[in-house]
Amino acid sequence: MNIPVVNLGAILPAIMLSLFGIAIMVAEPFVSDAKKSWLGWLAIAGTIAAMLALAPMSRQAGQWYTNLWIVDSYSIFFHFLFILIAAITILTSMNFLQREGIHHTEYYALLLFATVGMMMMAGSNELIMVFLGLEILSIATYVLAGFRRTDLKSNESAMKYFLLGSFSSAFFLYGVALIFGATGSTNLIVIADSLRSGDPQTSLVSLAAALMLIGLCFKVAVAPFHVWAPDVYEGAPTPVTGFMSVGPKAAGFAVLLRIFMTAFPTLEDRWTSVFWIVAALTMLIGNVIALVQPNIKRMLAYSSIAHAGYIAVAVAAGSEHGVSAVLFYTLAYSVTNLGAFAVVTMLSRSEDKLVNLNDYAGLASKRPGLAAVLSLFMLSLAGVPGTAGFAGKFFIFKAAVQSGLIWLAVIGVITTVVSFYYYLYVIVQMYMRDPNEEFADVRTTGPLKLALAITIAGTLYLGILPTRFLDWTVSAAVNALR
Amino acid sequence: MLELALFYIFGTIAVVSAILVITQHNVVHSAIFLAGTLLSVAGIFLALNAEFLAGVQVIVYVGGILVLFVFVIMLIAVERSTFERQFNRQWKIALITSAILIGELVYVVYQGRDTFVLAEPAVPLVQGAAGNSQQVGMGLYTTYLLPFEIASILLLVAIVGAVVLAKKKTQTE
Amino acid sequence: MEFAINYVILPLVKIGIILAVLPLLVAAITLAERKVIAFMQVRLGPMRVGPWGLLQPIADPIKLLLKEDIIPARADKWVFVAAPIITLIPAFIVFAVIPFGPTINVLGTPVTLYVTDLNIGVLYVLSISSIGVLGIILAGWASNSKYPLLGALRSAAQMVSYEVALGFSIMGVLMLSETLSLVGIVEAQRSSGLWYVFLQPVAFVLFFICGVAETNRAPFDLPEAESELVAGFHTEYSGFRFSLFFLAEYANMITVSAMAVTLFLGGWLRPFPNVEALAFLDLIPGILWFAIKVVVFLYFYMWFRASWPRYRYDQLMKVGWQFLLPLAIANVIVTAILALIFRG
C-alpha cells in the first residue's frame, strides 16, 4: 500500500480558507445579531492567513498528491489573485448585508469556500480536480446570487445561473469523459504525452477539447456563450455581482490556459483560431450592447463580457507574452472592477434600487470624493494611460501584434474606443448634470473605505509602475508554457 | 458478446426512459422513468464488472436522491403542472439548432472515423476475493486522496447553500 | 453439463424454492403474530378456522384474492397498479444473497444454500431494499387521497432517515470482516470464533432498531398508523393489491431478521463456533440454527408490537437524526481506532 505524500504546505492557503469558513459557521450561533460583522472580520482574518500561507506554499514547488496538484508561480499568482478578490468582496459586503437585512454569516463562509474552489481550479493538474473546483465555485456562487431570498430578481438571477451553469458543467464533463476515452487519463501531462506519441489530430480529441472549451467559455461569459451574464449580474446582490464578474472569470481563464497549454499544445493551431473568433465576437458584442444600457449593473455586465474578450485576445496570442498578458490583465481588471462595484454598492442604497445611470446625476457636486473615485475606475476600465486598465490592454495588444494577430489587435483598439463612450457617460452624468437628489444617506463606512483604498492603490500602482507585477506574470507564464 | 448485448439493452432502456422523463406531463411519471434510467445505468456498470459502482448507483440515486425528489413532488401541486405548457414558444428554433448541432457532431465523427481511435482501456482491475470494491477504496485513499478530500468541501458548500436558501425568513428580510 | 447444473438448474431450483416458501412463511407469521399478541393480552386469538385457528392463514389469502379489485376513480391508475409491484419485487429479490446455511452434499454434488454469493452482498441488500420505499410513496400519491399521501410522506422521511443510521451501523461489522460478501462475513465470524454481536453490541442494537423502522413496524409504524391515518399508504388498496403490500412488509421483516442473524449472530453457525466442548451442537444442521435465530427476531417484532406505543412524528425524527445517527458514527470511529490498534 503506497500512501501518497501528504504535503499540507502545498495546499495551505486552501486549508486556511476552509478552516476559517468552518469556524465562521460554528461561531455564528454564539454571536448576537448586532455583532455579526465580527464574523466578517474573521473572514478577513482568514484571507490574511491564506495570504501569509502563500509563503510556505511557494517553497513547495513541484507536483504533489500523485501529480494531481501543481505548485508553480502560475498557480501561486492565481492563488494571490483569488485571495485578493475574496478579501475585497468581503470588505464591500459587510455593510451591504447589514443594510439589506440579509446578514447571514453563511455568506462569508460560502465566499471563502468559493475561493477554495477557484484555488483548486488554478492549481490542479487533473481534470477531475478541475471539475470539483469548478463545482465548488459554481454552487457557492449560485447560492450567493440568490442570497436576497425575498427578492424576485435575485431569485431569477440564481435560477438562471444555476440552470445554465449546470448545463455548461455537463459540457465540460462530457469533454473530460471523451478525453479519458481517447487517452486513458485525466492527468493533463499524461494527456499531452499520449497526444504527442500518437496521432494528435484525432477527431475525438478535437471534439473533447471543443466540449471542454464550450463549458469553460460559459463560465467566463465570452460570446456566444455570454447571454446569461447580464440578467444574472443584474439580479444578484451588488457585491456578489462584483465577485462574479471577476472571480469565476479569472478562475475560468486560469483553467482554460492550464488545460490548453499543458494538455493540448499539439492542437495549438486549431484552438488559437477558435479563440480568434471568440475574442473578436466578444469584444464587438460586449462593447456595442453596453452602449445602450440604462442600468449600471447591466452596463458593467456587458463591460465585463467585453473585457473577457480582451483576455481572449491574449489567449489567442498564445505565446509567453500572451499568457503573461492574460495574468496581468485579470489582475488589473479584477482590482478596477471590484473598486467600481464597491462604489456602486455604496450608492445603490437599500434594496439595491438606485442603479440606473441617471441616478448618478450630479454626484460630483454633492460627494466629490466618491465621484472622483468612480471616475478613476471608469477611466481604468476604459484604458486611459496611467491606470491599470491601460497597462493591461497595452500588454495584450502588444502580445497580439507580436503573434501576428494584427486584425484582432485592430478590432480590440476600435472597440476600446467605442467603450470610451459608455464609461465616460457615467463621468458626464456625475460632473455635468444637475443633482436629482441629496446623496445624504450614502455612508462610507470603515470596511468600504478600506476596500476602496486597496482598489485605488492597486489601480494606480499597476498603471504607473507595472513592471514588478509584470515580471511575476512573465515568470508564471514561463511555468505555464513549460 | 454478452457484454455488448447487455450494453445495447440497458443503453436503449436508459435513453428511452430519459426521453420519457422530459416529455411526460406528470412529474411523478417523470420520476418513475428517471428510476428506469438510473437503474439501467447501474446495469451498464454491472456489465462492465463495476459491481461496486452499480450498487452505489442504486443506493444513492434510486434509494436516496429519487426518493427525495418524489418526496418534494408530493409537497407541490402536481395537478397544476400537468396543465401547464411543457415547452416554451421557442421550441421550434431550439429543435432546429439542436438538430444542426447533432448534425455537426455526426459530421465530425464521420469525417474522422479513421482517426477515431480509443485508447487502450484502463488495466483491468484484479478480481480478488473482495472484487473491485477494494480497488475503488484504494484508489480513493491513495491516488485520488486530494480530490476525495476536496469533494467534502463540495458537499459542505452544497449543504450550507441549501440551508441558506431554505431556512426561515428573518425579521429584517 | 456441470455448467448447466451449477449455473442454470440449481439456481432456478433455489429461486423456485424461495419464491414458494416465502409466501407460506409469511402466512405462518401472520398467524403466529395474532396468536402471540393474543396470548400477551390474555386472549385466545383466531380460533374458528380449523383446530385452534390453524387454518386461518389459508382462509385469509383466499378472502383477499376473492375480493373485488377497486381502483379509486380519481387515482392515477398506471402508478396505482405499478406501486405494489415496485414494493414487492425488491422485497423478494434480496433473498438471492442471503446465506441460509453452509454448503451441503446432495447426491454427491456440493450444493450451496444460497442462490449466489455476491462480493458486494451487503451493498446489494441495502440498495435493493432502498428501492422498495419508492413503491410505498408512489402508492400513497397515486391513491389521490389525503391519508395515503400523509402516510407516504411519513414513510419516505422515515425510511430515508433511518437508512443512514442503518448503513453506518453495518460499517463496524464490515471493518471487522473486511468483506462485503454475506458468506464471507459468516466465515469471518467462524474464524474469529465470536459472533459479531459480542464485538459490535452497539451496532447490533442500532441495526435492529433501524431495521424495525425500515420495515414500518411498531413502534415506528407511523406510515400506517391506523388510529390517525386509517391505514396509511395502503388505505385505498384492497384485495389482491393490498395483499402484495402485506407480503412485501412481512418479507422485509424476514429480510431484516435474516440480515441481523447473518451480520451479528453468525448466520448458520452454532454458538461459540470454535469451542470444542460445544461441538455436540453441530448435530443440529446449520440451516436450522439459522431458522431458529430468525424466528427469535421475528418474535421480537411481535413482542414490540404488543408492548410499545407508537412514536410521535417529531420524536421519530429526533431519535433518528439526533441519537441513532451520531451513535452509529461514533461506533464506526471507535471501531476503526480499535481495529487499528489491535491489528497494527
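Chains as they are written, first to last, in this note's numbering: chain A, 1 to 482; chain B, 1001 to 1173; chain C, 2001 to 2344.
Think of the CB as a built atom: it goes at the ideal place given N, C-alpha and C, for glycine as much as any other residue.
Practice item. Give a yes or no on contact between the segment 160-177 of chain A and the segment 88-108 of chain A, applying the rule of three or more CB pairs nearer than 8 Å. Key: These segments do not touch.
Review point. Does DSSP put Val-2106(C) in a helix, in a strand, or in coil?
Key: For this step, residue 2106(C) is matched to residue 106 along the third sequence. In the structure shown, Val-2106(C) sits in a strand (DSSP, three-state: E or B).
Review point. How many Å lie between Asp-269(A) and Glu-1104(B) at the Cα?
Key: In the first sequence, counting from the first residue as 1, residue 269(A) sits at position 269. In the second sequence, counting from the first residue as 1, residue 1104(B) sits at position 104. Each residue's Cα considered, the two are about 21 Å apart.
Point to revise | Range covered by the beta strand (DSSP E) that runs through Gln-63(A) | key: Start at 1 with the first residue of the first sequence, and residue 63(A) comes out as number 63. Where Gln-63(A) is concerned, the enclosing beta strand (DSSP E) stretches over 62-64.
Exercise for review: Please determine if the segment 2252-2265 of chain C and the segment 2207-2219 of chain C are in contact, where contact requires at least 3 C-beta pairs separated by less than 8 Å.
Suggested key: Segments in contact, yes.
Check your understanding: Listing by chain order, which chain B residues have their CB less than 7 Å from the CB of Ala-49(A)?
Key -> Stepping through the first sequence from its first residue, residue 49(A) is reached at position 49. Neighbours of Ala-49(A) on chain B: none; closest Cβ ~17 Å, over 7 Å.
**Study point:** Sequence ranges, alpha helix (DSSP H) only - wholly within the segment 2056-2081 of chain C, length at least 4
**Key:** 2056-2066
Exercise for review: Could you tell me the distance, in whole angstroms, from the CA atom of Phe-2242(C) to the CA atom of Lys-2063(C)?
Suggested key: Looking up residue 2242(C) in the third sequence gives position 242. Looking up residue 2063(C) in the third sequence gives position 63. Taking the straight line joining both Cα atoms gives about 12 Å.
Review point. Opposite Asn-2331(C) in the DSSP bridges: which residues?
Key: Within the third sequence, residue 2331(C) is the residue found at index 331, counting from 1. BP columns for Asn-2331(C) are empty, so no partner.
**Study point:** Close-in-space but distant-in-sequence residues of the same chain around Ser-2181(C) (CB under 6 Å, 5 per side omitted)
**Key:** Indexing the third sequence from 1 puts residue 2181(C) at position 181. If we look at Ser-2181(C) and ignore the five residues flanking it on each side, its Cβ neighbours are Asp-2117, Asn-2119 and Gly-2121.
Check your understanding: Under a CB-based cut-off of 8 Å, is Val-1027(B) close to chain A?
Key -> Taking the first residue of the second sequence as 1, we reach residue 1027(B) at position 27. For Val-1027(B), the answer is no, since every Cβ of chain A falls outside 8 Å of its Cβ.
Exercise for review: Note down the Cα distance separating Phe-2095(C) from Ile-2018(C), rounded to an integer number of angstroms.
Suggested key: The sequence position of residue 2095(C) within the third sequence is 95, counting from 1. The sequence position of residue 2018(C) within the third sequence is 18, counting from 1. If I take the Cα positions, the gap works out to 8 Å.
Point to revise | Cβ-based contacts, 9 Å cut-off: residues of the segment 2143-2162 of chain C near chain B | key: Leu-2149, Ala-2152, Leu-2153, Ala-2156, Ala-2157, Met-2159 and Val-2160
Check your understanding: When the Cβ atoms of the segment 1035-1047 of chain B are set against those of the segment 1001-1015 of chain B, are three or more pairs found closer than 8 Å?
Key -> yes
**Study point:** Distance, Thr-387(A) Cα to Val-255(A) Cα
**Key:** Translated into the one-based positions of the first sequence, residue 255(A) becomes position 255. Translated into the one-based positions of the first sequence, residue 387(A) becomes position 387. The alpha-carbon atoms of Val-255(A) and Thr-387(A) are separated by roughly 27 Å.
Point to revise | Reduced DSSP secondary structure (H/G/I, E/B, other) of Glu-320(A) | key: Position 320 of the first sequence, counted from the start, is the residue given in the question as residue 320(A). Three-state result, Glu-320(A): helix.
Review point. How far does the beta strand (DSSP E) with Val-71(A) in it reach, from first residue to last?
Key: Position 71 of the first sequence, counting from 1, holds the residue named residue 71(A). 69-71 is the extent of the beta strand (DSSP E) around Val-71(A).
**Study point:** Between the CA atoms of Arg-258(A) and Ala-480(A) - distance to the nearest angstrom
**Key:** By 1-based counting over the first sequence, the position of residue 480(A) is 480. By 1-based counting over the first sequence, the position of residue 258(A) is 258. Distance between the alpha carbons of Ala-480(A) and Arg-258(A) is about 7 Å.
Practice item. Give, in chain order, every residue of the segment 1034-1046 of chain B whose Cβ lies closer than 7 Å to some Cβ of chain C. Key: Ala-1035
**Study point:** Tyr-1008(B) burial status per 10 Å Cβ neighbour count (16 or more: buried)
**Key:** The residue given as residue 1008(B) occupies position 8 in the second sequence. Label assigned to Tyr-1008(B): exposed.
Review point. Are three or more beta carbon pairs between the segment 361-380 of chain A and the segment 429-443 of chain A nearer than 8 Å?
Key: yes
Practice item. Give the interface partners of Tyr-108(A) over in chain B, defined as CB-CB distance under 8 Å, in chain order. Key: Sequence index remark: in the first sequence, residue 108(A) carries index 108 (1-based). Within chain B, no residue comes near Tyr-108(A); the closest Cβ sits about 11 Å away, beyond 8 Å.
Check your understanding: Out of Val-26(A), Asn-358(A), Ala-223(A) and Leu-17(A), which has the shortest C-alpha to C-alpha gap to Met-483(A)?
Key -> Nothing about residue 483(A) can be read from this structure; chain A reaches only from 1 to 482.
Review point. Beta-carbon separation of Leu-2265(C) and Trp-2195(C) under 8 Å?
Key: Looking up residue 2265(C) in the third sequence gives position 265. Looking up residue 2195(C) in the third sequence gives position 195. In terms of Cβ geometry, Leu-2265(C) and Trp-2195(C) form a close pair [threshold 8 Å].
Review point. Assuming Phe-82(A) and Thr-115(A) make a contact with CB atoms under 8 Å, what is their CB distance in whole Å?
Key: Counting from 1 along the first sequence, the entry for residue 82(A) is found at position 82. Counting from 1 along the first sequence, the entry for residue 115(A) is found at position 115. That pair is a contact at about 5 Å.
Check your understanding: Beta-carbon of Trp-41(A) versus every beta-carbon of chain B: anything under 8 Å?
Key -> One-based indexing of the first sequence puts residue 41(A) at position 41. Taking Cβ atoms only, chain B never reaches closer than 8 Å to Trp-41(A), which makes this a no.
Review point. Quick one: Cα of Thr-336(A) to Cα of Val-373(A), how far?
Key: Along the first sequence, one-based indexing puts residue 336(A) at 336. Along the first sequence, one-based indexing puts residue 373(A) at 373. Roughly 11 Å between the two C-alpha positions.
Practice item. Verify the CB distance criterion: does Gly-1139(B) have a CB-CB separation below 8 Å to chain C? Key: As a working note, residue 1139(B) is residue 139 in the second sequence. Using a Cβ-Cβ cut-off of 8 Å, Gly-1139(B) does not count as an interface residue toward chain C, since no Cβ of chain C sits closer than that to its own.
Review point. What do you reckon, are the CB atoms on Tyr-310(A) and Gly-412(A) nearer than 8 Å?
Key: Translated into the one-based positions of the first sequence, residue 310(A) becomes position 310. Translated into the one-based positions of the first sequence, residue 412(A) becomes position 412. The beta carbons of Tyr-310(A) and Gly-412(A) sit closer together than 8 Å.
Review point. Does the distance from the C-beta atom of Val-2186(C) to that of Trp-2268(C) stay below 8 Å?
Key: To locate residue 2186(C), count along the third sequence from 1; it is residue 186. To locate residue 2268(C), count along the third sequence from 1; it is residue 268. Result yes, Cβ atoms of Val-2186(C) and Trp-2268(C) sit closer than 8 Å.
Check your understanding: Can you tell me where the alpha helix (DSSP H) with Asp-471(A) in it begins and where it stops?
Key -> Within the first sequence, numbered from 1, the residue matching residue 471(A) stands at position 471. For Asp-471(A), the uninterrupted alpha helix (DSSP H) segment begins and ends at 467-481.
Exercise for review: Quick one: using the 10 Å Cβ neighbour count with 16 as the cut-off for buried, is Leu-8(A) buried or exposed?
Suggested key: Residue numbering aside, residue 8(A) sits at position 8 when the first sequence is read from its first letter. Around the beta carbon of Leu-8(A), a 10 Å sphere encloses fewer than 16 other beta carbons of the protein chains shown; the residue is thus reported as exposed.
Check your understanding: What are the residues of the segment 2328-2344 of chain C that lie near chain B, defined by any Cβ-Cβ distance shorter than 9 Å?
Key -> none
Check your understanding: With distances taken from CA atoms, which of Leu-376(A), Thr-415(A), Gly-215(A) and Leu-39(A) is nearest Ile-456(A)?
Key -> One-based indexing of the first sequence puts residue 456(A) at position 456. Of the candidates Leu-376(A), Thr-415(A), Gly-215(A) and Leu-39(A), the one whose C-alpha sits nearest the C-alpha of Ile-456(A) is Leu-376(A).
Check your understanding: For Val-1058(B), which residues from the same chain have a beta carbon less than 8 Å from its beta carbon, with the 5 sequence-adjacent residues on both sides left out?
Key -> For the purposes of this step, residue 1058(B) is taken as residue 58 along the second sequence, with counting starting at 1. The answer, listed in chain order, is Leu-1038, Leu-1039 and Ala-1042.
Exercise for review: Following the continuous alpha helix (DSSP H) through Asp-193(A), name the residue where it begins and the one where it ends.
Suggested key: Looking up residue 193(A) in the first sequence gives position 193. Residues 188-197.
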